[in-house]
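Participant: Sequential numbering of the sequence shown, starting at 3, is according to this note's numbering.
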Amino acid sequence: MKDERQTSPDTAHYPFFSKNDINGFWALFADNLANMVLVAYLCTAVINIPARIVFGRILPGLGVALLAGLSFYSWQAHRLSKREGRNDVTALPYGISTPILFVYLFAVMLPVKMVTGDPIKAWQVGVAAAFIGGIIEALGSILGPWLKKITPRAGMLGTLAGIALVWIAAVPMAEILEHPHIGLPALALILVGLIGGHRLPFGIPAGLAAIIIGTGIGLFSGEAEFTTKGLALHPPIPVIGDLFSGLKYIFENPKILLIVAPLEIYNFIETMNNVESAEAAGDKYNVGLCQLADGGGTIIGAIFGSAFPTTVYIGHPAYKRLGARAGYALGVGVVFILAAVFGFITMLHSLVPIAAVAPLLIFVAMAICSQAFGAVEKRYMPAVALAMVPHVGDIIYKKALGVTGGVAEYLSSGMEKIPQALQARIANLRLPNPESISELNQALLQTGGIHLTGQGYLSRGAIITGLLWGAIVAFIIDKKYLYASYFTIAATVLTLLGFIHSGNSTMLHFNTLTLGYSIMALVLFVISRTAQPLKEPADTTKKSNSNDHSGHEPLHDIESRSYHGDKVRACGEPKQHETDADVFEKIENNRDKGKQVQDP
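1) Can you tell me where the alpha helix (DSSP H) holding T467 begins and where it ends?
2) Taking the alpha carbon of Y75 as the point to measure from, which residue in G329, I302, K380, F222 has its own alpha carbon closest?
3) Could you tell me the distance, in whole angstroms, from the CA atom of K115 to the CA atom of P264?
4) Helix or strand or just coil, what does DSSP make of I502?
5) Hey, out of G458, L524, A283, whose CA is closest to D90's CA?
6) Touching or not, the segment 465-481 and the segment 153-165, by the rule of three or more beta carbon pairs under 8 angstroms?
7) Name the two residues that bound the continuous beta strand (DSSP E) containing Y96.
8) Looking at V41 and I60, is the spacing between their C-beta atoms short of 8 angstroms?
9) Around the C-beta of F31, are 16 or more other C-beta atoms found within 10 angstroms, so that it is buried, or is it exposed?
10) Could you give the DSSP three-state label for V664: helix, strand or coil?
11) Residue range of the alpha helix (DSSP H) that V334 falls in?
12) With DSSP as the reference, label G314 as helix, strand or coil.
13) Using only alpha-carbon positions, find the residue among F489, H318, I521, H503 that is nearest to A93.
14) Taking its Cβ as the centre, do 16 or more other Cβ atoms sit within 10 Å of G407, making it buried, or is it exposed?
15) Rounded C-beta distance between G185 and A357? I'm assuming under 8 angstroms.
16) Can you give me the C-alpha to C-alpha distance between T217 and A172, rounded to a whole angstrom?
17) How long is the line joining the alpha carbons of I170 and R155, rounded to whole angstroms?
18) Return helix, strand or coil for Q457, following the three-state DSSP convention.
19) Please list, in chain order, all residues of the same chain as F512 whose beta carbon is under 8 angstroms from its beta carbon, the five residues on each side excluded.
20) Out of D296, E266, L260, L259, which has the shortest C-alpha to C-alpha gap to V277?
21) Under the three-state reduction of DSSP, which class applies to Y251: helix, strand or coil?
22) Relative to the C-alpha of Y96, which candidate in P17, A79, L260 has its C-alpha closest?
23) Looking at N25: is its Cβ nearer than 8 angstroms to the Cβ of P207?
24) Check S372 in the structure and name its three-state DSSP category.
25) Going by the CB atoms, is the gap between G345 and H606 shorter than 8 angstroms?
26) Do G307 and G119 have their C-beta atoms within less than 8 angstroms of each other?
27) Buried or exposed: where does V366 fall if 16 or more other Cβ atoms within 10 Å of its Cβ makes it buried?
28) K322 to I197, Cα distance in whole Å?
This is the structure:
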């Protein structure tokens with residue numbers, strides 16, 4: 003059967019900007035605004051970079067990068083629409099890579115500032131690191147299509163769902179509950195309008211309505227304000243001299259490259275996963291071209307003073323469900339370059355409470371998690387679930403580290419001021435040096451049920467670990483034990499090199515993790531050589547009388563199939579133009595059919 007969307011005369015027109023782009027605009031705008039504000043705050047407060055550099059160079063550079071990248075992805079959506087004759091194509095979201103933003107700040111720029119005492123030098127090195135990182139990310143386009151072809155969808159979507167659950171849902175939900183009078187009414191509008199599909203009065207988009215009511219409550223309660231502070235003209239200017247100064251410093255201190263390289267490998271793998279997520283939602287983009295564009299956007303931003311990489315964002319399925327097309331992406335790019343050039347970032351941050359935009363991020367997370375389970379066959383759901391686990395460890399580890407400063411300050415007041423119950427617990431730890439605050443912190447967190455060491459292993463390289471674990475389980479489900487052993491060998495090598503489970507990629511890690519993965523690979527290889535194929539029972543009525551009413555074929559009826567071949571769909575992936583909403587509807591219909599089969 004032909005896809006009706008390809009042959010319908012209504013598909014001839016692909017809108018430059020549609021009404022539904024408004025919801026998509028506010029969601030992507032909120033995400034990038036939060037990152038812009040973080041950049042401005044951390045660069046000034048932590049790195050002590052002068053305001054003239056932050057607002058006159060870094061933010062305009064980021065604005066140029068966003069405009070370049072989002073314009074490209076908007077154009078790419080128009081191109082895909084024309085090629086496939088569809089008017090429902092959604093552009094890929096794009097913006098500042100949030101996890102790498104923090105690493106660049108605290109692992110690249112801050113150490114330079116501490117060594118040299120010069121915040122300008124720290125910014126220059128950040129610009130050079132971003133420039134080099136963009137080149138590495140662009141080179142990922144060589145490997146990207148091959149990696150996407152051999153990696154099961156369950157692993158790629160599962161690790162994205164893990165990020166969505168803990169960082170895009172849990173953290174914003176905490177913000178909502180800390181300001182419930184603002185966040186909960188806004189969340190209600192998002193759930194009713196975007197999840198429930200209810201049309202709001204006058205047809206106002208749910209995302210816009212949520213921000214209006216949240217901002218209104220914030221202004222009334224004094225938690226938001228309208229201010230013109232920070233407004234000024236900051237035209238983007240190339241910083242070639244600063245770029246070369248930073249490159250010189252990096253080549254004199256090549257260990258910085260050992261930090262940047264694995265970060266950008268992480269970045270181009272994240273792009274690969276996000277492009278796969280878009281394909282599962284019905285929009286098939288060229289992963290190599292996207293990785294090349296991400297690298298190019300980062301390079302352009304660095305030339306104009308940005309010290310942070312940009313990438314395809316997680317969340318395309320959410321924008322697809324919103325009905326967004328290409329206009330939302332281009333709109334965000336235009337607004338941010340104007341905001342950076344005229345200094346509106348500070349004004350917007352003061353005017354719009356975070357709790358008012360947080361519900362949009364929660365909707366994005368809900369769509370990502372729903373797609374991860376809905377876009378694969380039911381039997382691959384365990385692989386999706388396991389791929390999410392490293393990200394749970396990631397947030398536990400990072401939040402635990404965040405409180406250790408307070409714990410250290412409390413403990414440093416002296417043992418005599420510590421409650422007797424805690425003194426007894428410290429004594430039971432039998433530490434060689436109980437006066438050492440760092441040792442005491444580590445021991446308390448480790449024995450207090452947090453398992454800080456293990457959570458740290460999960461945290462480092464979580465997105466790659468989740469992808470590998472999900473892929474291994476998917477291959478095991480298909481009884482492709484040899485392929486599972488290959489991915490386990492990949493995990494062994496990446497552990498050895500320090501790309502996963504370790505915060506140090508400057509040395510080889512011959513440890514028990516490497517040993518464990520090696521033994522696991524050997525076990526899977528042996529099983530692949532000795533496993534006997536299952537014999538089919540000679541029962542011609544097995545399909546009609548099957549007890550499996552899940553809506554999928556019984557496990558023994560599913561033949562081995564290529565994961566990402568052009569002719570054979572992978573791991574139960576939907577048809578080329580099937581959206582995640584179509585998948586969910588089919589699942590529900592199949593469940594109903596299952597119930598009918600059970601009736602006598």
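Every residue gets a Cβ at the ideal spot worked out from N, C-alpha and C, and that includes glycine. Since this is a predicted model, take the numbers as computed values, not measurements.
Facilitator: Reading off the structure:
1) By one-based count along the sequence shown, residue 467 stands at place 465. T467 -> alpha helix (DSSP H) spans 464-479.
2) Indexing the sequence shown from 1 puts residue 75 at position 73. When each option's Cα is compared against that of Y75, the closest is G329.
3) Start at 1 with the first residue of the sequence shown, and residue 115 comes out as number 113. Start at 1 with the first residue of the sequence shown, and residue 264 comes out as number 262. Distance between the alpha carbons of K115 and P264 is about 22 angstroms.
4) Here the question's residue 502 lines up with position 500 in the sequence shown. Here I502 sits in coil by DSSP.
5) Counted from its first residue, the sequence shown places residue 90 at position 88. D90 has its Cα closest to that of A283, out of G458, L524, A283.
6) yes
7) Here residue 96 refers to the residue found at position 94 when the sequence shown is read from its first residue. Unbroken beta strand (DSSP E) run through Y96: 96-98.
8) Position 58 of the sequence shown, counted from the start, is the residue given in the question as residue 60. Position 39 of the sequence shown, counted from the start, is the residue given in the question as residue 41. Yes.
9) The residue given as residue 31 occupies position 29 in the sequence shown. When all chains shown are included, F31 counts as buried.
10) This structure does not reach residue 664, given that the chain is present from 3 up to 602, and the question cannot be answered.
11) Here residue 334 refers to the residue found at position 332 when the sequence shown is read from its first residue. Segment 329-344, the alpha helix (DSSP H) holding V334.
12) As a working note, residue 314 is residue 312 in the sequence shown. Note on residue identity: the sequence assigns Val, not Gly, to residue 314. V314: strand per DSSP, three-state reduction.
13) Along the sequence shown, one-based indexing puts residue 93 at 91. A93 has its Cα closest to that of H318, out of F489, H318, I521, H503.
14) For the purposes of this step, residue 407 is taken as the residue at position 405 of the sequence shown. Low confidence applies here, because G407 scores a pLDDT of 49, under 50, leaving its location unreliable; read the following figure in that light. Classification of G407: exposed, given that the 10 Å Cβ count is below 16.
15) Position 183 of the sequence shown holds residue 185. Position 355 of the sequence shown holds residue 357. Correct: roughly 4 angstroms between the Cβ atoms.
16) By one-based count along the sequence shown, residue 217 stands at place 215. By one-based count along the sequence shown, residue 172 stands at place 170. Each residue's Cα considered, the two are about 22 angstroms apart.
17) Counting from 1 along the sequence shown, the entry for residue 170 is found at position 168. Counting from 1 along the sequence shown, the entry for residue 155 is found at position 153. Roughly 21 angstroms separates the two Cα atoms.
18) Looking up residue 457 in the sequence shown gives position 455. In this structure, Q457 counts as helix in the three-state DSSP scheme.
19) For the purposes of this step, residue 512 is taken as the residue at position 510 of the sequence shown. Counting only Cβ-Cβ distances below 8 angstroms, and skipping sequence neighbours, we find L498.
20) Residue numbering aside, residue 277 sits at position 275 when the sequence shown is read from its first letter. It is D296 whose Cα lies nearest to the Cα of V277.
21) Taking the first residue of the sequence shown as 1, we reach residue 251 at position 249. Residue state, collapsed to three classes: helix.
22) Counting from one through the sequence shown, the residue named residue 96 turns up at place 94. Taking only the C-alpha atoms, the option nearest Y96 is A79.
23) Indexing the sequence shown from 1 puts residue 25 at position 23. Indexing the sequence shown from 1 puts residue 207 at position 205. Contact flag set, yes.
24) Walking along the sequence shown from the start, residue 372 turns up at place 370. DSSP places S372 in helix when its eight states are reduced to three.
25) Because the chain spans 3 through 602 in this model, residue 606 falls outside it and cannot be assessed.
26) Residue 307 sits at position 305 when you count from the first residue of the sequence shown. Residue 119 sits at position 117 when you count from the first residue of the sequence shown. Contact flag unset, no.
27) Looking up residue 366 in the sequence shown gives position 364. So V366 ends up on the buried side.
28) Here residue 322 refers to the residue found at position 320 of the sequence shown. Here residue 197 refers to the residue found at position 195 of the sequence shown. Taking the straight line from one Cα to the other gives about 13 angstroms.
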